[in-house]
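Asks:
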Amino acid sequence: MDGRTSSSLVPKLSLYPRISNDSWNPTLIDIEFGLAEALGSNTMRVFLHDLAYEVDKVGFMSRVNTLLDLAEKHGLKLLLVIFDSCFGTYYRVPVIGQQVQPVPGVMMSQWVQSPGDEAMNDPSQQPRLEAYVKDLISTFANDTRVLGWDVFNEPPCNGHESQGLFDLLTNVFAWCRSVDPIQPCTSPLFSVDVDTGDLSKYRTHSLIQLNNSDVITFHE
Numbered sequence: 023m024d025g026r027t028s029s030s031l032v033p034k035l036s037l038y039p040r041i042s043n044d045s046w047n048p049t050l051i052d053i054e055f056g057l058a059e060a061l062g063s064n065t066m067r068v069f070l071h072d073l074a075y076e077v078d079k080v081g082f083m084s085r086v087n088t089l090l091d092l093a094e095k096h097g098l099k100l101l102l103v104i105f106d107s108c109f110g111t112y113y114r115v116p117v118i119g120q121q122v123q124p125v126p127g128v129m130m131s132q133w134v135q136s137p138g139d140e141a142m143n144d145p146s147q148q149p150r151l152e153a154y155v156k157d158l159i160s161t162f163a164n165d166t167r168v169l170g171w172d173v174f175n176e177p178p179c180n181g182h183e184s185q186g187l188f189d190l191l192t193n194v195f196a197w198c199r200s201v202d203p204i205q206p207c208t209s210p211l212f213s214v215d216v217d218t219g220d221l222s223k224y225r226t227h228s229l230i231q232l233n234n235s236d237v238i239t240f241h242e
């Protein structure tokens, strides 16, 4: 995007901070953003989580704002990730509270998806998720510190396509657009049959991504 140098990972803290109060460390984030700046990066992708919002809505928004302030201090724009189905190998049901400690030497060993398969496939969860998305995006809809909205990262990285996935992926784009943010909305193309390289196996959700993204992003 516009020749930007980007990164999805800040190693020491793991900027999948989920913006939860029990792991929030702005001092360390400031240090890591400084290292990113020194390396020439100008873009970071940050993963958020719906449950961190549910447990503390005001604090969640405050921490996102502080995160954006720290990024701006170091000349970084943020691509904020709303939902995610990545790292299905280590899949755990998302829960509020103290998280399981990571396994040393295993990348993202205790990764927590958002909102997770159970919530994604439960129609009764849609109003809660809609409220989260609209509140988040409307709060920062005109904020130039935000580069864009990654509305759903790598669906379905866990390989579990479902009607719930199709519905949530379609809906999150609609919820984003209903707020009319100045930033683009996107969902990165990723899924491919690893044995054949064939994309058609995941045609349904890939077409939703292609037809709704303001800019086309992809992960190789």
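Okay, so the sequence shown: first residue is 23 according to my numbering, each after it adds one.
All C-beta atoms in this analysis are idealised placements derived from N, C-alpha and C, irrespective of residue type, glycine included.
This structure is a prediction, so every number in the text was calculated from the model and none was measured.
#1: DSSP state of F195, grouped into three classes?
#2: When you compare each of T49, V201, A74 and M66 to Q135 by their alpha carbons, which one comes out closest?
#3: Going along the chain, which residues of its own chain have a beta-carbon closer than 8 Å to the beta-carbon of V122, five neighbours each way excluded?
#4: Mapping DSSP to helix, strand and coil, what is L61?
#5: Can you list, in chain order, the residues of its chain whose CB lies under 6 Å from that of I204, leaving out five sequence neighbours each side?
#6: Determine the DSSP secondary structure at D91, reduced to helix, strand or coil.
#7: Could you please give me the residues that DSSP links to T208 through a beta bridge?
#8: In whole angstroms, what is the alpha-carbon distance linking R225 and V86?
#9: Suppose you measure from the CA of R26 to the CA of T65; what does that come to, to the nearest Å?
#10: Rounding to the nearest angstrom, what Cα-Cα distance links L57 and P145 in this structure?
Replies: From the atom records:
#1: The count along the sequence shown starts at 1 and reaches residue 195 at position 173. DSSP places F195 in helix when its eight states are reduced to three.
#2: Against the sequence shown, residue 135 aligns to sequence position 113. Nearest option by C-alpha distance: A74.
#3: Position 100 of the sequence shown, counted from the first residue, corresponds to residue 122. The residues are R114 and Q132.
#4: Within the sequence shown, numbered from 1, the residue matching residue 61 stands at position 39. It is coil, neither helix nor strand.
#5: Your numbering for residue 204 matches position 182 in the sequence shown. Result list for I204: N164, in chain order.
#6: Numbered from its first residue, the sequence shown carries residue 91 at position 69. Correct three-state label for D91: helix.
#7: Working through the sequence shown from its first residue, we reach residue 208 at position 186. Answer is D172.
#8: Along the sequence shown, one-based indexing puts residue 225 at 203. Along the sequence shown, one-based indexing puts residue 86 at 64. Near 34 Å, if we compare the C-alpha coordinates of V86 and R225.
#9: By 1-based counting over the sequence shown, the position of residue 26 is 4. By 1-based counting over the sequence shown, the position of residue 65 is 43. No answer about R26 holds up, because its pLDDT of 46 lies below 50 and its placement is not dependable.
#10: Here residue 57 refers to the residue found at position 35 of the sequence shown. Here residue 145 refers to the residue found at position 123 of the sequence shown. Roughly 42 Å separates the two Cα atoms.
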